[in-house]
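Residue numbers (this note's numbering), protein chains in the order written: chain F, 478 to 782; chain D, 47 to 351. We treat Cβ as the ideally placed atom computed from N, Cα and C, and that holds for glycine. Every value quoted in this text rests on a predicted model; they were computed, and no experiment measured them.
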Amino acid sequence: MSGYWSGIITLLSINVVFAYGIYLAVATGQLNLGGAGFQALGAYAAAWLCAEQGWPIWATLGASAVVAGGIGFAFAFPILRLKGVYLVLGTFAFAEVVAGVIINSDALGGAMGLPVPEYIDWHVPAIAAVGVALFCFYLMSTRLGLAVRAVHDDDVVCDLLGVDVRLVRVALFALGAALAGFAGGLYAHAYTYVEVQTFNASLSIYVLLYVLLGGAQTAWGPLAGAAFFTLLPELLRNTLPALKSSLYGLFGADGSMSPPDESWRFVALGVVTVLMMVFRSEGLITRTMVERISHPFRSTKSEAL
Amino acid sequence: MLLIQQIVNGLMLGSVYVTVAVAFTLTISILNFLNFTIPTLFMVAGMVGWGLAFFGLPFGLGGPLPWPLALAAGIAVAVACSLIVERFTFRYMKMKHGDSTEHAIPLVSSLGFLLILENLVRISYGSDAQRFPGPGADLTANIGGIFIRVPQLVSFVLVIGLILGLVWVINATRTGRGLRAIAENPDAAALLGVEPNRIVPIVFMLTGMLCGLAGALFAVNYGEVSPQMGEDIGSKAIAGMVVGGLGSLWGAVAGGVIVGLIEMLTIHFFGADTVQAAVWGALLITLLIRPQGLFGHNAIGKGKL
């Protein structure tokens, strides 16, 4: 397999794992805009344990999930008292504090970053992504998954019917944090270098968009969202240069300043986001759609409500 | 003496944060909407102003403009962008009930616009920081050993005047009454003859104007613009808004000043690297201990997004 494709598969797998981490929180109706913080925790845990303590890869990957999950669990209790805008701001603030602490700590290399001695190629992230996806599908089909759906739709009624809303939310938030940390651990080993600038606010935004645009109603959503937005720029690779030169003329800028290529990818992501919110705000893949495809001859009218 | 100098610097820096924080507060208190395009509008005004002053008009219509004219055009572009955002986040938004994340729709749309605007600016002007050709930082006044840049002092006074004007508009005019009615209960306001489609664009126009002005003042004061300049200011303004209290105009003013002071005093006592952690730590502590902030109303942002 060529280096080009293995690079794409690695990136795709890490994004899928990360997206499932955020999905688990969003599935209970909690928007987690602090994904980069949890990923940074996992990445730095793996990098530090590997570089300073000499742990083997399987142990550092496990530790990355445990560290991020543990901190997510401890953080979930106070933060899930907040709702709506406050929760979004709280998780956002958490990610910034994590970045601020890392950049000031000499043991973690500060702003210089931390090299990771052990390298994994695309097999490990790909297997991990498949495993995580299967785990999330299984989780959503259990009684806990049913409770998650119910909490998402109406937490008050859920509480009345005897579901421990707080437990469900904290559990899913912590589990999601662990998956985000695991994605960070995979990132650290796949790219053999971690620096805190990678885990910025934009990353938190992108991954939340993957989940919401893919659709947070079923476990198919994050998979579709992450796959679509990781592969889209590769598909657009040929048509974009023409567009770019025409825009140069439009704004009167000459070609001497070369803008980074990935800008177009993010413009496309933004346009898709805005259009999706206007035309199909529940995300690409909805529960009804999955049911229609899996039972094509059953009438869905009675389930429409 | 150095400490007093830092406090003065903090106040001056705070006035930029205050303007952006007030813009955030307007959309949150009236529309219950966390508008993530605000930092981008701030950046658009500065970058477009720089582009017009450096390259001139698009399509080769004219040479470089003098900087005050270019900045005025930049502010106009920011207002126009803000109105486009209004179209796609509020005007065409359909609400379907029974989904607890549906209140997130405008927020997610605004994240999409953040990506679009920021990356379009990057594509047209490159992602490097640029020197803004203005009076810059050269004019300083020495008041009893304290150095104050004249443009900074002018913008400080301008910001205070602007906010007093805004308070007057909201409290004493017919439009302001409409705004407050929509903030209280959009449906009841619509029934009683307030037209949301006429009033809501006013909020976005004010938002664009405040952000544009802040961006223009920033460009003149600090003599530098870049596509990234909105991120830092935006995050500090959000922190200020939350510390001051969501939904309170004077809370945003106080919060912005407090964040400016925290930043300068942290630099003075601990060094520049700890600023991010200190500001976001203050935000996180506020959220955990007193979520409504110093002057906030308890009801805003709770349960709704």
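Cross-chain neighbours of D/Trp326 in chain F, by beta carbon under 7 Å: Residue 326 of chain D sits at position 280 when you count from the first residue of the second sequence. Correct list: Ala570, Glu573, Val574 and Gly577.
Could you please give me the residues that DSSP links to F/Glu573 through a beta bridge? Position 96 of the first sequence holds residue 573 of chain F. DSSP output for F/Glu573 lists no bridge partner at all.
Alpha carbon to alpha carbon, how far is F/Thr763 from F/Pro773? Give it in angstroms, no decimals. In the first sequence, counting from the first residue as 1, residue 773 of chain F sits at position 296. In the first sequence, counting from the first residue as 1, residue 763 of chain F sits at position 286. One C-alpha to the other measures close to 15 Å.
Hey, out of D/Ala260, D/Ala285, D/Gly286 and D/Val289, whose CA is closest to D/Met275's CA? Reading the second sequence from its first residue, position 229 is the one you call residue 275 of chain D. Measuring from the Cα of D/Met275, the nearest candidate turns out to be D/Ala260.
Neighbourhood of D/Val125 by C-beta distance below 8 Å, restricted to the same chain and skipping five residues each side: If you number the second sequence from 1, residue 125 of chain D lands on position 79. Counting only Cβ-Cβ distances below 8 Å, and skipping sequence neighbours, we find Met251, Gly254, Met255 and Gly258.
Of all the CB atoms in chain D, is at least one closer than 9 Å to the CB of F/Gly587? Counting from one through the first sequence, the residue named residue 587 of chain F turns up at place 110. Chain D contact via Cβ: present.
F/Met734 CB to nearest chain D CB: under 9 Å? Start at 1 with the first residue of the first sequence, and residue 734 of chain F comes out as number 257. Note on F/Met734: pLDDT 46, under 50, position unreliable in the model; the coordinate value appears next. Judged by the 9 Å Cβ criterion, F/Met734 is in contact with chain D.
In angstroms, rounded to a whole number, what distance separates the CA positions of F/Gly512 and F/Thr765? Locating residue 512 of chain F in the first sequence gives position 35, where the first residue counts as 1. Locating residue 765 of chain F in the first sequence gives position 288, where the first residue counts as 1. Approximately 28 Å, taken between the alpha carbons.
Under the rule that 16 or more other beta-carbon atoms within 10 Å means buried, what is F/Ser490, buried or exposed? Along the first sequence, one-based indexing puts residue 490 of chain F at 13. F/Ser490 is buried by the Cβ-count criterion.
Quick one: does D/Glu132 have its CB under 9 Å from some CB of chain F? Here residue 132 of chain D refers to the residue found at position 86 of the second sequence. Not an interface residue.
Using the C-alpha atoms, what's the distance from F/Ser618 back to D/Gly280? For the purposes of this step, residue 280 of chain D is taken as residue 234 along the second sequence, with counting starting at 1. For the purposes of this step, residue 618 of chain F is taken as residue 141 along the first sequence, with counting starting at 1. For D/Gly280 and F/Ser618, the distance between alpha carbons rounds to 41 Å.
F/Ala693 CB to nearest heavy atom of the ligand MN below 8 Å: Among the ligands in the structure shown, none appear at all, so the ligand MN cannot be discussed.
Less than 9 Å separating the beta-carbons of D/Val288 and D/Thr332? Against the second sequence, residue 288 of chain D aligns to sequence position 242. Against the second sequence, residue 332 of chain D aligns to sequence position 286. Yes, these two residues count as a Cβ contact at 9 Å.
Can you tell me which residues form a DSSP beta bridge with D/Asn188? Against the second sequence, residue 188 of chain D aligns to sequence position 142. D/Asn188 is bridged to D/Phe193.
Tell me, to the nearest whole angstrom, how far the beta carbon of F/Gly587 is from that of F/Ile597; I am working on the premise that it is less than 8 Å. Numbered from 1 along the first sequence, position 110 holds the residue referred to as residue 587 of chain F. Numbered from 1 along the first sequence, position 120 holds the residue referred to as residue 597 of chain F. Their Cβ separation, rounded to whole angstroms, is 25 Å, which puts F/Gly587 and F/Ile597 out of contact at 8 Å.
Please classify F/Glu595: does DSSP put it in a helix, a strand, or coil? Along the first sequence, read from residue 1 onward, the residue named residue 595 of chain F stands at position 118. F/Glu595: coil per DSSP, three-state reduction.
Considering only DSSP beta bridges, list what D/Val271 is partnered with. Along the second sequence, read from residue 1 onward, the residue named residue 271 of chain D stands at position 225. D/Val271 is bridged to D/Gln176.
Neighbour list for F/Ile580 in chain D, Cβ cutoff strictly below 7 Å: Translated into positions along the first sequence, residue 580 of chain F becomes position 103. By Cβ distance, chain D contributes Asp319.
For D/Val240, does the three-state DSSP call read helix, strand or coil? Against the second sequence, residue 240 of chain D aligns to sequence position 194. Note: D/Val240 maps to coil in three-state DSSP.
Could you pull the start and end residues of the alpha helix (DSSP H) that D/Trp296 belongs to? Position 250 of the second sequence, counted from the start, is the residue given in the question as residue 296 of chain D. Where D/Trp296 is concerned, the enclosing alpha helix (DSSP H) stretches over Leu295 to Phe316.
Please classify D/Ile192 as buried or exposed, where buried requires at least 16 neighbouring CB atoms within 10 angstroms. As a position in the second sequence, residue 192 of chain D is number 146, starting the count at 1. The residue is exposed, with fewer than 16 neighbouring Cβ atoms inside 10 Å.
Residues that D/Phe159 contacts on chain F, provided the C-beta gap is smaller than 9 Å: Position 113 of the second sequence holds residue 159 of chain D. Gly747, Thr750 and Val751, listed in chain order.
Quick check on F/Arg558 - is its C-beta less than 9 Å from some C-beta in chain D? As a first step, residue 558 of chain F must be located in the first sequence, where it is residue number 81. Closer than 9 Å: yes.
Alpha-carbon to alpha-carbon, F/Gly760 and F/Gln694: Here residue 694 of chain F is taken as the residue at index 217 of the first sequence, counted from 1. Here residue 760 of chain F is taken as the residue at index 283 of the first sequence, counted from 1. Computed Cα separation, rounded: 8 Å.
Do D/Trp96 and D/Tyr171 come within 9 Å of each other at the CB atom, strictly closer than that value? The residue given as residue 171 of chain D occupies position 125 in the second sequence. The residue given as residue 96 of chain D occupies position 50 in the second sequence. Taking 9 Å as the Cβ cut-off, D/Tyr171 and D/Trp96 qualify as a contacting pair.
What would DSSP say about F/Val609, mapped onto helix, strand or coil? By one-based count along the first sequence, residue 609 of chain F stands at place 132. Three-state result, F/Val609: helix.
For F/Gly702, collect the residues of the same chain with a Cβ closer than 8 Å to its Cβ; drop the 5 residues on either side in sequence, then sort them by chain order. As a first step, residue 702 of chain F is located in the first sequence; it is residue number 225 there, counting from the start. Taken in chain order, the residues that qualify are Ala496, Leu686, Tyr687, Val688, Leu689, Leu690, Gly691, Gly692, Gly760 and Leu761.
In whole angstroms, give me the CA-to-CA distance for D/Glu277 and F/Arg558. Counting from 1 along the second sequence, the entry for residue 277 of chain D is found at position 231. Counting from 1 along the first sequence, the entry for residue 558 of chain F is found at position 81. Each residue's alpha carbon lies about 27 Å from the other.
Could you check whether D/Ala265 and D/Gly56 sit closer than 9 Å to each other, using their CB atoms as the reference points? Here residue 56 of chain D is taken as the residue at index 10 of the second sequence, counted from 1. Here residue 265 of chain D is taken as the residue at index 219 of the second sequence, counted from 1. No, these two residues do not count as a Cβ contact at 9 Å.
Based on DSSP bridge pairs, tell me the residues matched to F/Tyr500. Within the first sequence, residue 500 of chain F is the residue found at index 23, counting from 1. None; F/Tyr500 has no bridge partner.
Less than 9 Å between the C-beta atoms of F/Gly546 and F/Ala696, yes or no? One-based indexing of the first sequence puts residue 546 of chain F at position 69. One-based indexing of the first sequence puts residue 696 of chain F at position 219. It is not a contact, given that the beta carbons lie outside the stated cut-off.
Give a yes or no on whether 9 Å exceeds the smallest Cβ distance from F/Trp741 to chain D. Locating residue 741 of chain F in the first sequence gives position 264, where the first residue counts as 1. F/Trp741 counts as touching chain D.
Would a check of beta-carbon distances place F/Ile499 closer than 9 Å to chain D? Here the question's residue 499 of chain F lines up with position 22 in the first sequence. No - not a single Cβ of chain D is within 9 Å of the one on F/Ile499.
Could you please give the first and the last residue of the uninterrupted alpha helix (DSSP H) stretch that includes F/Thr537? Within the first sequence, the letter at position 60 stands for residue 537 of chain F. Unbroken alpha helix (DSSP H) run through F/Thr537: Ile534 to Ile556.
Using a Cβ-Cβ cutoff of less than 7 Å, which residues in the same chain neighbour F/Ala627 once the five nearest sequence positions on both sides are dropped? Start at 1 with the first residue of the first sequence, and residue 627 of chain F comes out as number 150. Closer than 7 Å at the Cβ level, and outside the excluded window around F/Ala627, lie Cys635 and Val640.
What would DSSP say about F/Val640, mapped onto helix, strand or coil? If you number the first sequence from 1, residue 640 of chain F lands on position 163. F/Val640: coil per DSSP, three-state reduction.
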